[in-house]
Amino acid sequence: MGVFAWIVKRDLMLALRHRADLFTALFFFIIVVSLFPLGIGPEADTLRLIAPGVVWVAALLASMLALERLFAVDHADGTLEQMLLAPQPVALLVLGKIVAHWLVTGLPLVVVGPVLGLQYDLSADALGVLLISLLLGTPALSLIGAIGAALTLGLRGGGVLVSLLVLPLYIPVLIFGAGAVEAHIAGLGSDSHLYLLGAIGMVALLLAPLATAAALRVSVE
Amino acid sequence: MSDWQTFFDMGGYALYVWGSFGVSAVLMIAEPILLRGRHKAVIKRVARIARMNAPEVKQ
Amino acid sequence: MSSRLINWFKFSSPATFYPLAGRLLPWFAVTAVVLIGIGLYMSFFVAPTDYKQGEGYRIIFIHVPAAWMSMFIYLVMAFWSALGLIFNTRLSAMMAQALAPTGALFTFIALWTGAFWGKPMWGTWWVWDARLTSELILLFLYMGYIALTSAIEDTRRADRAGALLVLVGVVNIPIIYYSVEWWNTLHQGSTINFRKESSMTTTMLYTMLIMALGCWAYTIAAALSRVRSIMLERERNSTWAQQLVAEGKA
Numbered sequence: 001m002g003v004f005a006w007i008v009k010r011d012l013m014l015a016l017r018h019r020a021d022l023f024t025a026l027f028f029f030i031i032v033v034s035l036f037p038l039g040i041g042p043e044a045d046t047l048r049l050i051a052p053g054v055v056w057v058a059a060l061l062a063s064m065l066a067l068e069r070l071f072a073v074d075h076a077d078g079t080l081e082q083m084l085l086a087p088q089p090v091a092l093l094v095l096g097k098i099v100a101h102w103l104v105t106g107l108p109l110v111v112v113g114p115v116l117g118l119q120y121d122l123s124a125d126a127l128g129v130l131l132i133s134l135l136l137g138t139p140a141l142s143l144i145g146a147i148g149a150a151l152t153l154g155l156r157g158g159g160v161l162v163s164l165l166v167l168p169l170y171i172p173v174l175i176f177g178a179g180a181v182e183a184h185i186a187g188l189g190s191d192s193h194l195y196l197l198g199a200i201g202m203v204a205l206l207l208a209p210l211a212t213a214a215a216l217r218v219s220v221e
Numbered sequence: 001m002s003d004w005q006t007f008f009d010m011g012g013y014a015l016y017v018w019g020s021f022g023v024s025a026v027l028m029i030a031e032p033i034l035l036r037g038r039h040k041a042v043i044k045r046v047a048r049i050a051r052m053n054a055p056e057v058k059q
Numbered sequence: 001m002s003s004r005l006i007n008w009f010k011f012s013s014p015a016t017f018y019p020l021a022g023r024l025l026p027w028f029a030v031t032a033v034v035l036i037g038i039g040l041y042m043s044f045f046v047a048p049t050d051y052k053q054g055e056g057y058r059i060i061f062i063h064v065p066a067a068w069m070s071m072f073i074y075l076v077m078a079f080w081s082a083l084g085l086i087f088n089t090r091l092s093a094m095m096a097q098a099l100a101p102t103g104a105l106f107t108f109i110a111l112w113t114g115a116f117w118g119k120p121m122w123g124t125w126w127v128w129d130a131r132l133t134s135e136l137i138l139l140f141l142y143m144g145y146i147a148l149t150s151a152i153e154d155t156r157r158a159d160r161a162g163a164l165l166v167l168v169g170v171v172n173i174p175i176i177y178y179s180v181e182w183w184n185t186l187h188q189g190s191t192i193n194f195r196k197e198s199s200m201t202t203t204m205l206y207t208m209l210i211m212a213l214g215c216w217a218y219t220i221a222a223a224l225s226r227v228r229s230i231m232l233e234r235e236r237n238s239t240w241a242q243q244l245v246a247e248g249k250a
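What follows is the structure in structure tokens.
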């Protein structure tokens, strides 16, 4: 456990040193969400209808954009190889990196998401559901995305490739995340969606670090 | 003759039935042809490599 | 037990498997042509006209087998991938890579024929029905696999990365399918069911089965041919490959 906390701390400190990187994914998220009303028109009824889907699709794209750097720096300076040789289980180290990555790139989306929801005239409790759905869903995105990032490590055109691998796997998170807000707006109650979103997160938490560790071994070897 | 016409007409569904089977047929004929082409290209490549290596072996 | 294992590994070496695949290939190709020929004849001349959907329903004789194949092939790829990761055999990864384009082909055929079936039956080319949507996502999974394996130049890494991706995909397929189904019922858009609309006669079922068997034979033949090309490409510097080519037996 000590090693886990250490790696989270280390990655957070590294991320704080490159503060510009911190904001790329976040600004991307904000811009994409703000573009839709310009493309579709400012009618509040339409915007309320598309808000959950737009915010969630933008969150998917933003968290995918941030994936490329998850292992790239450690790979470039050889730290990753050392980690694979370390006596600690690789999956635990990987999980630490994913947690740090989520704190840096996922958590800002969770915080900003509801603010962007205001642009779409969502009601206060719908914004609350959006916040909870993002809080439950974005960790799953980081976990699943890590597998793709590990598989494409160091490849030419890795960024585009990662989207091809990871976006289809993101679909359940998108469906339940946006669905929770939609169901709430429709008056159906968002509980079942949120439970399922949590369940996906748990499955991802169990399996994704193992798959990512295996993928890193394949890629670094 | 009119028998064939009614056959090709497919009860008014001609576009859909032949559109489906036609495209499937084209793809399932094209794939083996492409595979054959790929195999021949590989054989040529291997033969070229073998020729390049051959003189060294004989020396 | 151990000697049998060794035999299997020997059997799976390219130098042994290549000529074997070459001998098997024509048989599967001929079987495919014969079965699909019979299946097409039955599709158009034997199977009766459907009382509800007229002649248009005949599309299912290609649509359903293609949809079956698209799913089976992914499962077979997952089987080979697991085998390859556990026993570290080169042949299994090559088999998975040989199957992928044919799987993508059948997925595309299933989508295409689904659209051509949907237009006259539902009035639109595309319906966000749970099955069609899942099939589309399956096509994305195939494309991701093909893109990943062809982007990696080191064959050993390509083999193992591809195998991992297929296994991750296989774990995800049920989750994706149920989430899409859930999404579909929430939006209550199309309550139309793809295959249960008309009662199937025995002739229709047999026709479909013969077509499906024909597609199996086709897939095996295509995969064997592709795996031979992959082997020869990878082993181009080996003596056995150059000997076979020199003797004109490749």
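Chains as they are written, first to last, in this note's numbering: chain A, 1 to 221; chain B, 1 to 59; chain C, 1 to 250. Glycine included, each C-beta is placed from N, C-alpha and C at the ideal position.
query                                                                                                                      : result
C:I86, buried or exposed, once every other Cβ within 10 Å from all chains shown has been counted against 16                : exposed
Test: C:E55 CB closer than 8 Å to a CB of chain B                                                                          : yes
Own chain residues within Cβ distance below 7 Å of A:Y120, not counting five before or after                               : L47, R48 and A51
Cut-off 7 Å between Cβ atoms - residues of its own chain near C:G189, not counting five sequence neighbours on either side : Because the pLDDT of C:G189 is 47, which lies under 50, any placement of that residue in the model is unreliable, and the question is left without a value.
Minimum C-alpha distance to A:A199 - residue among A:D125, A:A186 and A:G137                                               : A:G137
Anticipated Cβ contact below 8 Å, A:T105 with A:I147, distance rounded                                                     : That pair is no contact at about 16 Å.
Residues from the segment 14–39 of chain B in contact with chain C, defined by Cβ distance under 7 Å                       : Y16, V17, G19, S20, F21, V23, S24, L27, M28, E31, P32, L35, R38 and H39
Nearest-angstrom Cα separation, counted from A:A214 out to A:A208                                                          : 10 Å
Short CB-CB distance (under 8 Å) between C:N172 and chain A                                                                : yes
Cβ-based contacts, 8 Å cut-off: residues of the segment 127–140 of chain C near chain A                                    : I137 and F140
Check whether C:A67 and C:A96 have beta carbons under 8 Å apart                                                            : no
Distance, C:S70 Cα to A:P178 Cα                                                                                            : Per the sequence shown, the amino acid found at residue 178 of chain A is Ala instead of Pro. Cα to Cα, A:A178 sits roughly 29 Å from C:S70.
Test: C:V245 CB closer than 8 Å to a CB of chain B                                                                         : yes
Any non-hydrogen atom of the ligand GTP within 7 Å of A:G198 CB                                                            : The ligand GTP is not part of this structure, which contains no ligands at all.
Other residues of its chain near A:Y170: CB distance less than 7 Å, five sequence neighbours each side excluded            : L60, L141 and I144
Limits of the alpha helix (DSSP H) - the one that C:I59 falls within                                                       : Premise fails: C:I59 is in no alpha helix (DSSP H) and is neither H nor E.
N- and C-terminal bounds of the alpha helix (DSSP H) containing C:E233                                                     : T202 to R234
Pair within 8 Å by beta-carbon distance, A:V73 and A:M83                                                                   : no
Distance CB(A:F36)-CB(A:G96) smaller than 8 Å                                                                              : no
Amino acids of chain C, ordered along the chain, whose beta-carbon sits closer than 7 Å to that of A:F71                   : The contacting residues do not exist; A:F71 stays about 14 Å from chain C at best.
Rounded Cβ spacing between C:G214 and C:I60 (contact assumed at less than 8 Å)                                             : About 15 Å; that fails the 8 Å criterion.
Closer than 7 Å at the beta carbon, the chain B residues around C:T113                                                     : S20 and S24
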